[in-house]
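Peer 1:
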Amino acid sequence: IPGNPPYPVDQGGWTRWTIWQFSDEGRVNGVGSPTDLNWGPDNIDELTPPRDVTGFRVFQDENNLYLTWDPNTDTDIAGYNIFLNGNYVATLNKDRTTYVLSKRNNNIPPGEALTLGIEAFDTKGDFSNDRTVIQITTEG
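Counting in the working numbering, the sequence shown runs from 166 upward without gaps.
Pasting the structure below:
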C-alpha cells in the first residue's frame, strides 16, 4: 500500500484483515535483513476459530427442552447457533448460556429421538471446528 499508512485500507475487495505485512524491508536485531514486518493481534483467539462449546446439557419437562452450556471464553466470541436435528433454530448473543425450545411450537411429540446441537461463532464469522451435539428422546 503506497506510503505504508498506519493500518490497511480496503484493498482489492478485502473487507477485513487480521495480519498485515506493512514492510518487506524491515530490520530486526538477530534476524537476517531485510525481513518482513507484520502487524497482528495480541491474542491467539483472534487468529483461530472459536473453541468448541463445552458443558452442553439438555433438560426437559412435558412442554420444553432447556439447553444450557458453559460460556465460550474466547476474546472475540460473538455468539452461538442452535440446531435441532441438523436444522438451524436460533442465533444467540455471546452473553447467553441458556435457551428454551418449545416442544409444541416445534412439533416435537413424546418419544421422539432428537439431536440438539450448538456451535460458537466469532466476530470474524468463523465457527467452532465441531458442532457440539446431544442425542435425547423426548418425554411426554
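Positions of the beta carbon are idealized from the N, C-alpha and C atoms, including for glycine.
Predicted model, so just to flag it, every value in this text is computed and none were measured.
Buried or exposed: where does A278 fall if 16 or more other Cβ atoms within 10 Å of its Cβ makes it buried?
Peer 2: Residue environment for A278: exposed (fewer than 16 other C-beta atoms within 10 angstroms of its C-beta).
Peer 1: Please state whether DSSP places D210 in a helix, a strand or coil.
Peer 2: helix
Peer 1: On the premise that F221 lies in contact with Y231, defined as a C-beta separation below 8 Å, what is that separation, rounded to the nearest angstrom?
Peer 2: Incorrect: roughly 12 Å between the Cβ atoms, too far for contact.
Peer 1: Quick check on I184: does DSSP put it in helix, strand or coil?
Peer 2: coil
Peer 1: Three or more beta-carbon pairs under 8 Å between the stretch 261 to 277 and the stretch 194 to 209, yes or no?
Peer 2: no
Peer 1: Looking only at its chain, what residues have a beta carbon closer than 7 Å to the beta carbon of E190, apart from the 5 residues adjacent to it on each side?
Peer 2: P199
Peer 1: Could you pull the start and end residues of the beta strand (DSSP E) that G244 belongs to?
Peer 2: 242 to 249
Peer 1: Under three-state DSSP, which class holds W204?
Peer 2: strand
Peer 1: Which residues mark the beginning and the end of the beta strand (DSSP E) in which F224 is found?
Peer 2: 222 to 225
Peer 1: Report the rounded CA-to-CA distance for T297 versus T219, giving the unit in angstroms.
Peer 2: 7 Å
Peer 1: When we look at the beta-carbon of I209 and count the other beta-carbons within 10 Å, is it buried (16 or more) or exposed?
Peer 2: exposed
Peer 1: Using CA coordinates, which residue listed in W182, A285, G290, P214 is at the minimum distance from W234?
Peer 2: Nearest option by C-alpha distance: A285.
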